[in-house]
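One structure below.
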Amino acid sequence: MRVAFLDHYDSFSFNLIDRLFSDAEIELFYIPYDDRDAVQKLMRAPIPLIVSPGPKRPEVLPDTLSLMRVLLGKAPILGICLGHQCLGHILGGKIGKALNPFHGATQLVHTVGKNELINRFSTTFLATHYNSLIVERATLPPEWVWAVSEAGEVEGIAWHEGRWPAIGVQYHPESFLSEQQQPLFDLWFELVNSYYHGPAET
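In terms of the numbering used here, the sequence shown opens at residue 28 and continues consecutively.
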């Protein structure tokens, strides 16, 4: 089961790789975001995609956005921090400044709405953040937002309108300070397994 990891050269990328590729059955296809040949290869032959955190903003990453648009609905997508913002952007959301920038700080996350995804999580959990940008909540359909911060800023997106879902989290689930890590990773492993061996489960 091959999974692509699109890296924006973030200092946390290999922590995520260690966590998300710990299952021996999952093979890493590592792609630097600026490797256009590899990105185009993935466009032609979609596989599950993880979009990493990073220091940039979606608007300056045309290849990342093009790849995500092509794969949206064709394979499962998981976006983390910058990857989450990129997902919000391709879904029509506006990227804005967070009320408070975070660098290694924790804040409470609350599940919202009726998306079945929230049944996997506690209604409130602590998560670690490294961000100064967010996807503005008012620019997304409410049914796509499954988690918000204490201030009401978007912490989780779940898009289910294609054959395969796309999920985004603003926080860093790999951090040892983040609670509720396992439900997200379990969901991702289930989606990857379903992509290769059976129907999607959301």
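Quick reminder that beta carbons are idealized off the backbone N, C-alpha and C, glycines included.
Cβ neighbours of Ala132 in the same chain (closer than 8 Å, five flanking residues each side left out):
Thr155 and His156
Which runs of the alpha helix (DSSP H) at least 4 residues long sit entirely within the region 36-108? Give them in chain order.
40-47, 63-71 and 89-98
Do Gly195 and Gly123 have their beta-carbon atoms positioned less than 8 Å apart in this structure?
no
Are the Cβ atoms of Ala118 and Leu167 separated by less than 8 Å?
At residue 118 the sequence reads Leu, which differs from the Ala that was named. Cβ atoms of Leu118 and Leu167: closer than 8 Å.
To the nearest whole angstrom, what separates the beta carbons of Leu214 and Arg147, a pair I think is in contact under 8 Å?
6 Å
Beta carbon of Gly120, beta carbon of Cys113: below 8 Å?
no
Counting C-beta neighbours from all protein chains within 10 Å, is the total for Glu228 16 or more, i.e. buried, or is it exposed?
Legend: pLDDT at Glu228 = 47, less than 50; position of this residue unreliable, no value from coordinates given.
Does the separation of the CB atoms of Ile24 and Asp37 fall below 8 Å?
For the chain, the structure presents residues 28 to 229; residue 24 sits outside this window and is missing.
Going by DSSP in three states, Gly131 sits in which element: helix, strand or coil?
strand
For Thr151, count neighbouring C-beta atoms within 10 Å of its own C-beta (all shown protein chains included) and say buried if the count is 16 or more, exposed if not.
exposed
Under 8 Å by Cβ, that's how I've got Ala125 and Ile161 pegged, so tell me the actual separation to the nearest angstrom.
5 Å
Mark Gly242 as exposed unless 16 or more other C-beta atoms lie within 10 angstroms of its C-beta, in which case mark it buried.
With the chain covering only 28 through 229, there is no way to say anything about residue 242.
With DSSP collapsed to three states, give me the class of Glu228.
The predicted model places Glu228 with a pLDDT of 47, which falls under 50 and marks its position as unreliable; any figure quoted below should be read in that light. Here Glu228 sits in coil by DSSP.
In or out: Gln67 buried (at least 16 other Cβ within 10 Å) or exposed?
exposed
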